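K.L.:
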Amino acid sequence: MLEWISCQYEDVCALLLEKGEEGRLNDLSEDTLNAMVMFLQRFKEATKALEASKTPTLHLTAVWLDRLKRHLQPSSTDNLTFSSLKAKCLRILVEKYEIHLLHKLAMFLHPKLKSLKLLVEEHSMETVHNEVRRLVNDIKERRASPTQRVATVSSAPPEKRARQSRDYPMSRIPLPAMSALRMNFKRSASERDFSTAGFVVSERRSQLKPGTIDYILFLHSNLKKH
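Below is the structure:
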């Protein structure tokens, strides 16, 4: 909503002036409005990245938490309002979100994040490595013997062997990686769909011109009368 007002600030001012309601913008500075939109843009990017439904997102949790923390650091250009806003948002972010071992495992099992540079504590990296070793050993214990696997593949029909050959790249992915990376930051699909729908509605609304909105309100008021 703020982004829509910022993009069409002059049109909104003209519309309010035409209606004699220009006083509504007395306490609203265009510079402050633009700064607020830029401030919230980072949170919008994080929401979209973490609510993806067709790609893994669990490994991005620590990444975006770090980015938001850096975004909320005080700057010399901040006024008093934004300084206090950043401080409060940072406090809430630290209180509400915590990185667990599962998030760290997902990072380690992702090719681009396996160095765990975001984990500043040495004991955290050691904990992740130990947990990965435990998972690998657990999988090894549950797997069949090599002779059994060879016998199963060689005795399979040609069609099945061809399908296994096509799926070979997927079969090379370690099971711990598949189990961790396939999880989403938000487990509920309804939450992701609701948020996505909200973005779509906002984008469509932002494309409406003030005159069009005026016509819609006029028609709505007439429909209510009848």
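Going by my numbering, the letters in the sequence shown line up with residues -14 to 211, in that order.
Where a beta carbon is used, it is the ideal one built from N, C-alpha and C, also for glycine.
Just so we're clear, the structure is a prediction, and the values are computed from it rather than from any experiment.
Can you look up Ala72 in the DSSP assignment and give me helix, strand or coil?
P.N.:
To locate residue 72, count along the sequence shown from 1; it is residue 87. Of the three classes helix, strand and coil, the one that applies to Ala72 here is helix, per DSSP.
K.L.:
What is the rounded straight-line gap between the Cα of Gln58 and the Cα of Asp123?
P.N.:
What you label residue 58 is simply residue 73 of the sequence shown in a count that begins at 1. What you label residue 123 is simply residue 138 of the sequence shown in a count that begins at 1. Distance between the alpha carbons of Gln58 and Asp123 is about 42 Å.
K.L.:
On a CA-only basis, which of Phe24, Ser14 and Leu0 is nearest Cys74? Give me that one, please.
P.N.:
Within the sequence shown, residue 74 is the residue found at index 89, counting from 1. Out of Phe24, Ser14 and Leu0, Phe24 has the C-alpha closest to the C-alpha of Cys74.
K.L.:
Between which two residues does the alpha helix (DSSP H) containing Asp12 stretch?
P.N.:
Working through the sequence shown from its first residue, we reach residue 12 at position 27. It is not in any alpha helix (DSSP H) - Asp12 carries neither H nor E in the DSSP assignment.
K.L.:
Going by C-alpha to C-alpha distance, which of Ala91, Ser69 and Asn11 sits closest to His114?
P.N.:
On the sequence shown, residue 114 is found 129 positions in, with the first residue counted as 1. Of the candidates Ala91, Ser69 and Asn11, the one whose C-alpha sits nearest the C-alpha of His114 is Ala91.
K.L.:
Would His88 pass as a contact of Ala47 if the rule is Cβ separation under 7 Å?
P.N.:
Counting from one through the sequence shown, the residue named residue 88 turns up at place 103. Counting from one through the sequence shown, the residue named residue 47 turns up at place 62. Yes, the Cβ-Cβ distance between His88 and Ala47 is below 7 Å.
K.L.:
Just how far apart, CA to CA, sit Ser68 and Ala20?
P.N.:
Indexing the sequence shown from 1 puts residue 68 at position 83. Indexing the sequence shown from 1 puts residue 20 at position 35. Spanning the two alpha carbons is a distance of roughly 12 Å.
K.L.:
Could you check which residue in Lys81, Arg76, Asp12 and Thr17 has the C-alpha nearest to that of Thr62?
P.N.:
Within the sequence shown, residue 62 is the residue found at index 77, counting from 1. With distances taken between Cα atoms, Thr62 lies closest to Thr17.
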